[in-house]
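Trainee: I'd like to ask some things about the structure below.
Protein chains in written order, with our numbering: chain X, 11 to 691; chain D, 1240 to 1359.
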């Protein structure tokens, strides 16, 4: 029924007629009583559709203004009554006008059309409200989805979910039962006011029941022990005296499982005193759907990282174990070796020829055992990144000549012809000579092992260009061939290797698997170490072999004449890390650049531990970043800087190395530098 | 007769090494931990010192540093015996001023060669 509030003079005949008319037409009427404030209160309680106001009442204009301003939100239509011959300057304040004397048709028509307007306005207002609410929800959903995408942390995902729900649905109580990675149930309760203990228990039971309902037909994923559910409570208005008791369960509620496909994460239920609308339901479902997908990613991510960590730990334990065992084996070998030597030298008394032979045999095997231990240690060092390589600009020819000296006699004893062929003058290269010699020793020892009497072993070296290298033959190269290389070839006329076995020979313990070579001794670590050492020199290796004809091992060592490039490459390999940066900068003040670079992570330098700057007078020429610096890295730098100073014809005093880094690390670095005699001037 | 100090907590190593060195005409004094080694080095005027790196009480690097930084002893040649173990790896940067290094297990001829470099 349409409600009309009347501000009329009831003594007036025309006004009386209006009241009669309205009553006849079934309008619900209310009459103004008291002063203006009281009238406003009346209107607020009555909530009329129309207000009729006669201009002849006291303070008509003021009353109209008051109604308009204080009751704006109610869309109430105000209609002013005035005599047709009277001019009023405030008629614009009203929504409509009815002129007296009364014309019944016009009056009713005017009233009805204003009621229609009022209804339309109400609808519009309602629609607008819904629209802005939906828009808000949409906005929150949008933000939430991008937040979901930004994290793989399970707890954070649940927090984002609840936050989104609170924003969009403003629930009073939420009950979430979820399972963390090890299937431990966690019950979390978010509540506007403090919940009573009864409520917490009731909601917990309810969640468990909800959970069980979902798995009604299927066996439970997890059998839950109600007592053992971890409970987390969050209360929004802790200061309020209000509490939520059991009655909260009778609030309107929304329930959903959090799952995607067969991956089930938990259940969520929301309670709100004010009923949820259909839009709320849609929004709620959208959020629960949205959270499930990143939860699955998070779960997978967690599983992978746990597995990875386990593997890493295992690998480390293994390497450490090998290192410790090898070291422990090494110490007793020393006195054994010494004692045998004393006996062999006759220092412990005369010995027979047979004794000498057996002691010699023992000594030979002790040597072999030390070799194996050495290999094991090297491998464990390589794997843990602890192999210190001391790079220096050196002549590879002298290393090759040493090989000839070492192996010529052994070869002659086996009636194998051993030759060294170097036709050209080889350029100096950055190498750790000891390790390069280890590479050649391993290759030549293998050749000797697999070549029979009257065979031949030749050692050769030449300079080649990258385009001369057949890339398809390279054994798992760490980089593409680039620039010039020294190619060292070890060629034999031994048993050869099957084509399909060639890549396998560089695998760890490959000899153990191949019964053919079993009787030749050795655990097959030599070639694995060889490959790793070649990698550390940024080198390459390829093998040509034919069964029963012989094998040819080719080692390629890069020739670097550009200090900068070599430093970069070297630092990368030394640190086993691509986070190495070498920046050419012009002035000391540009050191700020380094800070900038670090800050915006252009070079991903955030994990830097130390820096070395090569300076010439005021000019900082190069700055090298060395994460996790080792002694070897520093020694490598010595060589580089020596070479560099020659290139720029600098006085000794012109070049200093300084560490820019944080106090502690910086101090360490400076101390190291001093020890190594790096600081000059 | 040249006097050589051998310090290593592995008695067997010290004794076999001392035996062989005596046979080569050297006088040997032996220490079985770092502290004893340092005392003998300072009080017995050895012509050369052989030091193990990992020793109880004072490690070999430290003894070496103490001797090399003391004008009175800095001219005594020092040969370090290292096992290149993990514990030693952790001491990177501690090594200072030793004249020679020998890795376990070593050949006697290797030791003798290095000694002769300084005492021949």
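The beta-carbon is built from N, C-alpha and C at its ideal position, and this holds for glycine as well.
Measure the C-alpha to C-alpha separation of residue 70/X and residue 63/X and round it to an integer number of angstroms.
Mentor: The alpha-carbon atoms of residue 70/X and residue 63/X are separated by roughly 8 angstroms.
Trainee: Step through the CB atoms of chain X and report whether any lies within less than 7 angstroms of the CB of residue 1321/D.
Mentor: No, residue 1321/D lies away from the interface with chain X (no Cβ there is under 7 angstroms from its Cβ).
Trainee: Can you tell which of 183/X, 477/X, 347/X, 515/X has its C-alpha closest to the C-alpha of residue 1251/D?
Mentor: Cα-wise, what sits closest to residue 1251/D is 347/X.
Trainee: Pick helix, strand or coil for residue 1259/D, following the three-state DSSP scheme.
Mentor: Helix, per DSSP.
Trainee: For the candidate residues 182/X, 86/X, 210/X, whose alpha-carbon lies nearest to that of residue 284/X?
Mentor: Residue 284/X has its Cα closest to that of 182/X, out of 182/X, 86/X, 210/X.
Trainee: By Cβ distance below 8 angstroms, which residues in the same chain neighbour residue 43/X in space, the five residues on each side in sequence not counted?
Mentor: Contacts found: 49, 52.
Trainee: So which residues on chain C does residue 351/X lean against when the C-beta distance must stay under 9 angstroms?
Mentor: No chain C is part of this structure, whose protein chains are labelled X and D.
Trainee: Count Cβ pairs between the stretch 1259-1268 of chain D and the stretch 1240-1251 of chain D that sit closer than 8 angstroms; are there 3 or more?
Mentor: The stretch 1259-1268 of chain D, when compared against the stretch 1240-1251 of chain D, does touch it at the 8 angstroms Cβ threshold.
Trainee: With DSSP run on the structure shown, which of helix, strand or coil describes residue 223/X?
Mentor: Note: residue 223/X maps to helix in three-state DSSP.
Trainee: Can you pull the chain D neighbours of residue 378/X, defined as C-beta to C-beta under 8 angstroms?
Mentor: By Cβ distance, chain D contributes nothing, its closest Cβ being about 12 angstroms from residue 378/X, past 8 angstroms.
Trainee: What does a CB cutoff of less than 7 angstroms around residue 353/X pick up in its chain, not counting 5 residues either side in sequence?
Mentor: Same-chain partners within the cutoff: 361, 369.
Trainee: Does the beta carbon of residue 543/X come closer than 7 angstroms to any beta carbon on chain D?
Mentor: Not closer than 7 angstroms to any Cβ of chain D, the Cβ of residue 543/X fails to qualify, so no.
Trainee: If we define contact as Cβ-Cβ less than 7 angstroms, is residue 1317/D a contact residue for chain X?
Mentor: So no, residue 1317/D is outside the interface.
Trainee: Is the beta carbon of residue 67/X less than 7 angstroms from the beta carbon of residue 19/X?
Mentor: The answer is yes: Cβ separation under 7 angstroms.
Trainee: Report yes or no: do three or more beta-carbon pairs, one from the stretch 17-31 of chain X and one from the stretch 134-154 of chain X, lie closer than 8 angstroms?
Mentor: No, because fewer than three Cβ pairs between the stretch 17-31 of chain X and the stretch 134-154 of chain X fall closer than 8 angstroms, the two stretches do not touch.
Trainee: Closest Cβ-Cβ distance between residue 1281/D and chain X: below 7 angstroms?
Mentor: For residue 1281/D, the answer is no, since every Cβ of chain X falls outside 7 angstroms of its Cβ.
Trainee: Under 9 angstroms between beta-carbons, which chain D residues line up against residue 347/X? List them in chain order, please.
Mentor: Within chain D, the residues near residue 347/X are 1255, 1344, 1345, 1346, 1347.
Trainee: Residues in the same chain with beta-carbon distance under 6 angstroms from residue 198/X, minus the five sequence neighbours each way, listed in chain order, please.
Mentor: Closer than 6 angstroms at the Cβ level, and outside the excluded window around residue 198/X, lie 186, 242.
Trainee: Indicate whether residue 469/X and residue 438/X have their beta-carbon atoms separated by less than 7 angstroms.
Mentor: Result no, Cβ atoms of residue 469/X and residue 438/X do not sit closer than 7 angstroms.
Trainee: Kindly confirm or deny that the stretch 297-312 of chain X and the stretch 1290-1302 of chain D touch, where touching means at least three C-beta pairs closer than 8 angstroms.
Mentor: In short, these stretches do not touch, since the Cβ pair count stays below three.
Trainee: Closest Cβ-Cβ distance between residue 622/X and chain D: below 7 angstroms?
Mentor: Caution applies to residue 622/X, whose pLDDT of 44 falls short of 50 and renders its modelled position unreliable; the value that the coordinates give is listed next. Not one chain D Cβ lies under 7 angstroms of residue 622/X.
Trainee: Of all the options 376/X, 156/X, 563/X, 506/X, which has the alpha carbon lying nearest to the alpha carbon of residue 300/X?
Mentor: Comparing Cα-Cα distances from residue 300/X to each of 376/X, 156/X, 563/X, 506/X, the minimum goes to 156/X.
Trainee: For residue 99/X, count neighbouring C-beta atoms within 10 Å of its own C-beta (all shown protein chains included) and say buried if the count is 16 or more, exposed if not.
Mentor: By the neighbour-count rule (16 or more Cβ atoms within 10 Å), residue 99/X is not buried but exposed.
Trainee: Taking residue 1251/D as the query, report the chain X residues whose CB atoms sit under 7 angstroms from its CB, ordered along the chain.
Mentor: Simply 345.
Trainee: Is there at least one Cβ from chain X nearer than 7 angstroms to residue 1262/D's Cβ?
Mentor: Answer yes: the Cβ-Cβ gap between residue 1262/D and chain X drops below 7 angstroms somewhere.
Trainee: How big is the Cα-Cα spacing for residue 1350/D and residue 1339/D?
Mentor: If you take the alpha carbons of residue 1350/D and residue 1339/D, they lie about 10 angstroms apart.
Trainee: Can you tell me whether residue 72/X is buried or exposed, with buried defined as 16 or more other CB within 10 angstroms of its CB?
Mentor: By the 10 Å Cβ count, residue 72/X comes out exposed.
Trainee: Could you tell me which residues DSSP pairs with residue 564/X in its beta bridges?
Mentor: Partner(s): 499/X, 552/X.
Trainee: Tell me residue 470/X's beta-bridge partners as DSSP assigns them.
Mentor: Per DSSP, 431/X, 499/X.
Trainee: Report buried or exposed for residue 541/X, applying the criterion of at least 16 other Cβ atoms within 10 angstroms of its Cβ.
Mentor: Classification of residue 541/X: buried, given that the 10 Å Cβ count is 16 or more.
Trainee: For residue 447/X and residue 463/X, what's the separation of their Cα atoms in angstroms?
Mentor: Straight-line Cα distance between these residues: approximately 25 angstroms.
Trainee: Leaving out the 5 sequence neighbours to the left and right, which residues in its chain are closer than 8 angstroms to residue 145/X when beta-carbon positions are compared?
Mentor: Around residue 145/X: no qualifying Cβ.
Trainee: Flag this pair as yes or no: are the beta carbons of residue 340/X and residue 1343/D separated by less than 7 angstroms?
Mentor: Yes; because the gap between Cβ atoms is below 7 angstroms, this pair is in contact.
Trainee: For residue 12/X, which of 24/X, 39/X, 25/X has the nearest alpha-carbon?
Mentor: Of the candidates 24/X, 39/X, 25/X, the one whose C-alpha sits nearest the C-alpha of residue 12/X is 39/X.
Trainee: Provide the residue(s) that pair with residue 536/X in DSSP beta bridges, ordered along the chain.
Mentor: Its beta-bridge partners do not exist; DSSP assigns none.
Trainee: Return the bridge partner residues of residue 189/X from the DSSP annotation.
Mentor: Answer by DSSP bridge pairing, in chain order: 195/X.
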